[in-house]
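For reference, the structure discussed in these notes is given below.
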DNA sequence: ACCCACCCTCTTTAGACAGCATGTC
DNA sequence: CTAAAGAGGGTGGGT
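Numbering (UniProt numbering), first residue to last: 1 to 741.
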């Protein structure tokens, strides 16, 4: 009887009515995790940092705490590190809180609720960065929050994004009427430190709903931590043997590989085993999914995946498009595919448990340091934590693979018996500190002097450990840089943001991104498209693609032919030269994209996946939009207009002539091009077009044509001015002649 | 002259947040 | 600093 009836515990906090509804929602008994959190005061308004394994019921702790606040007229913010996680939680909460009559919204960079007034909602689910951004925009409802839940708070120790969360939480801590804080964390070393920083109680739980058995595989045996051993039929290959052993007992495996290439290769090997385990009833579903994938993307990678699905396996990594990944996840969850081979994408992301988790390699190549290093204990625990599906499996197994007998012992010590690392503040990272200083000064009226800044820094997690001694000089140095760049003004010891500075903070770009653009705007009156793309690629906010050995030849050729389009000197320094080429390669990829080169050609030419194209273009669009705004502020009108058009072209992957068509719903780069080729070159052309004529275009069915016509009928909301006068003209004709009075 | 097994050398290496204003094929 | 696997090219032996 390890589960306590919920009613018994909750009656102190909720009305009978609510408790009955909770029971209807499936909350009939409470896990130890929830009991302990309640005992420590989550429902009494205590700040808590709860450290517990995956799937141990942390979300319900947050759910109950939130419900308590909502019942008292409060408002809740739920923070997560990933967009995929945000939408997962959103769906869950929408149902859960909806049952009590409360409204939940999702707000992330790529998905905003239709209603921009987030204030009308009771529960707001966002990514950390989005919440940071909302704060920078002084969201009016922010002060009315009464509970803030920071899920996966151990992200704090992450190199790139940890500091953002740290500053966000610091700002929350320093606000008046500090809301209740609930941090949810994986197991970490220094839970007490984090809790102390947040003025919270540390609550540590080791309990899991499904028993986790950790072990190491070597030479046909799994050695488990509990001392038991399991002999496995050898198929000559560790992964295959472990896979067969799981599938044979109708379980599923989740295999972690260190690289994308390894994941694909491993999946192909596994296919020979998994195909024998595809259920008769799954075949049709898999065929359908496979066909859908192929229809969505024409590239080789996606085709390989589609092929593998039929045989009951899939690989999963960030090179896959979002829809492909989702298909894989759904098929695995539904049990249609028996094995998934993934890179660390799946370690911390969406919830995808399997009976057995196999970790093929505990080492990973470090690009910066140039050698292979062991993954952190925390990362191992994250992967291992995926083992065991609650309600389906009696227990879960996480297996590391050893290559020698000595390694067996080493792995036990290094990972299975090891405590996770301590979380370290990453605020010392300069670019993040600089951005955050600008943001804090721009959007927090209380922080307008060095003294206040010092006080602010003194409240950070960093300062708790090291004091402000180390970080103050760094802050001062970066402040000077911001002042020199004209983003902040200092008068008589008072720090004030300039309009430019405030905009940069709101656009959420690195100050260096803006400064780089400004420098170029000053030097050149106008740039070629490739020039702007190069600028975007060079920016610190952009992720660039690596240059391969085989890329040198054509990149240098381009440099030879089109060097004058690039507004930078070719660097002499070897390392800088390599960076230069990677900016060029990225710029060329983007150029192909906006010149309507098909996705699969880009995939092949640049050796990237569809998922990479998506994330590159998305980022590039955001940067060019932001740079366009910066240019406009400073009066560089031509740059602004060109960058604005460019950002729209990147968004849709089209030449300028299609921008007008692509503004229509249901019309993307491919359909727009088709329309254009058939002589429909503007909204106007479409408005006067005969429906029957449109139907004759291949790929244009009745539903689509109707949808197009429908949009032209409804009074068109004011579209972008920047799209050119032609559009405005067309709209006027459109409205006057056809639909207006 | 041609084929093929084998070996040496070269090459490459995970992930993913944000603006703004609305929707791919 | 502490790697490993796949691809590609070369070698040498056999036919």
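Backbone N, C-alpha and C define an ideal beta-carbon position, used for all residues, glycine too.
Do you know how far the Cα of residue j is from the Cα of residue i?
i           : j           : result
residue 591 : residue 431 : 28 angstroms
residue 669 : residue 527 : 25 angstroms
residue 716 : residue 710 : Its pLDDT being 44, under 50, residue 716 is placed unreliably by the model, and the measurement read from it follows with that caveat. Taking the straight line joining both Cα atoms gives about 10 angstroms.
residue 315 : residue 543 : 24 angstroms
residue 607 : residue 624 : 24 angstroms
residue 665 : residue 690 : 19 angstroms
residue 745 : residue 445 : There is no way to answer for residue 745, as the model of the chain reaches only from 1 to 741.
residue 425 : residue 453 : 18 angstroms
residue 632 : residue 501 : 14 angstroms
residue 164 : residue 391 : 36 angstroms
residue 678 : residue 110 : 33 angstroms
residue 485 : residue 136 : 20 angstroms
residue 581 : residue 552 : 8 angstroms
residue 532 : residue 488 : 26 angstroms
residue 320 : residue 293 : 11 angstroms
residue 578 : residue 667 : 38 angstroms
residue 672 : residue 68  : 51 angstroms
residue 401 : residue 257 : 11 angstroms
residue 375 : residue 384 : 13 angstroms
residue 539 : residue 573 : 19 angstroms
residue 227 : residue 215 : 9 angstroms
residue 290 : residue 569 : 48 angstroms
residue 615 : residue 704 : 28 angstroms
residue 732 : residue 463 : Its pLDDT being 37, under 50, residue 732 is placed unreliably by the model, and the measurement read from it follows with that caveat. Rounded to the nearest angstrom, the two C-alpha atoms are 59 angstroms apart.
residue 414 : residue 398 : 15 angstroms
residue 509 : residue 280 : 52 angstroms
residue 47  : residue 166 : 16 angstroms
Relative to the C-alpha of residue i, which residue among the options is closest?
i           : options               : result
residue 225 : 469, 213 and 396      : 213
residue 429 : 489, 471 and 561      : 471
residue 123 : 103, 133 and 117      : 103
residue 243 : 588, 370, 354 and 178 : 354
residue 507 : 3, 53, 483 and 630    : 630
residue 189 : 161, 156, 170 and 173 : 156
residue 459 : 10, 330 and 168       : 168
residue 49  : 121, 195 and 680      : 195
residue 246 : 17, 622, 455 and 274  : 274
residue 596 : 469, 655, 645 and 556 : 655
residue 537 : 408, 21, 647 and 161  : 647
residue 57  : 209, 575, 619 and 663 : 209
residue 82  : 118, 126 and 634      : 126
Can the beta-carbon of residue i be found closer than 8 angstroms to that of residue j?
i           : j           : result
residue 600 : residue 298 : yes
residue 328 : residue 255 : no
residue 617 : residue 650 : yes
residue 182 : residue 265 : no
residue 199 : residue 282 : no
residue 79  : residue 40  : no
residue 640 : residue 660 : no
residue 377 : residue 418 : yes
residue 251 : residue 356 : yes
residue 371 : residue 411 : no
residue 267 : residue 313 : yes
Report the partner residues of residue i according to the DSSP bridge assignment.
i           : result
residue 79  : 126 and 150
residue 746 : Because the chain in this structure spans residues 1 to 741, residue 746 falls outside the shown range and cannot be described.
residue 217 : 222 and 401
residue 490 : 495
residue 372 : 365
residue 231 : 221
residue 204 : 51
What distance in whole Å lies between the Cβ atoms of residue j and residue i, which are believed to be in contact at a cut-off of 8 angstroms?
i           : j           : result
residue 511 : residue 442 : Between residue 442 and residue 511 the Cβ distance is about 11 angstroms, and since that is not below 8 angstroms, they are no contact.
residue 130 : residue 107 : 6 angstroms
residue 427 : residue 478 : About 12 angstroms; that fails the 8 angstroms criterion.
residue 586 : residue 545 : 5 angstroms
residue 75  : residue 144 : 5 angstroms
residue 496 : residue 448 : 7 angstroms
residue 534 : residue 583 : 6 angstroms
residue 153 : residue 185 : 5 angstroms
residue 60  : residue 203 : That belief does not hold up - the Cβ atoms of residue 60 and residue 203 are roughly 14 angstroms apart, past 8 angstroms.
residue 179 : residue 146 : 5 angstroms
residue 752 : residue 309 : Absent from the structure is residue 752, since the part of the chain shown begins at 1 and ends at 741.
residue 343 : residue 229 : Not a contact, Cβ separation roughly 30 angstroms.
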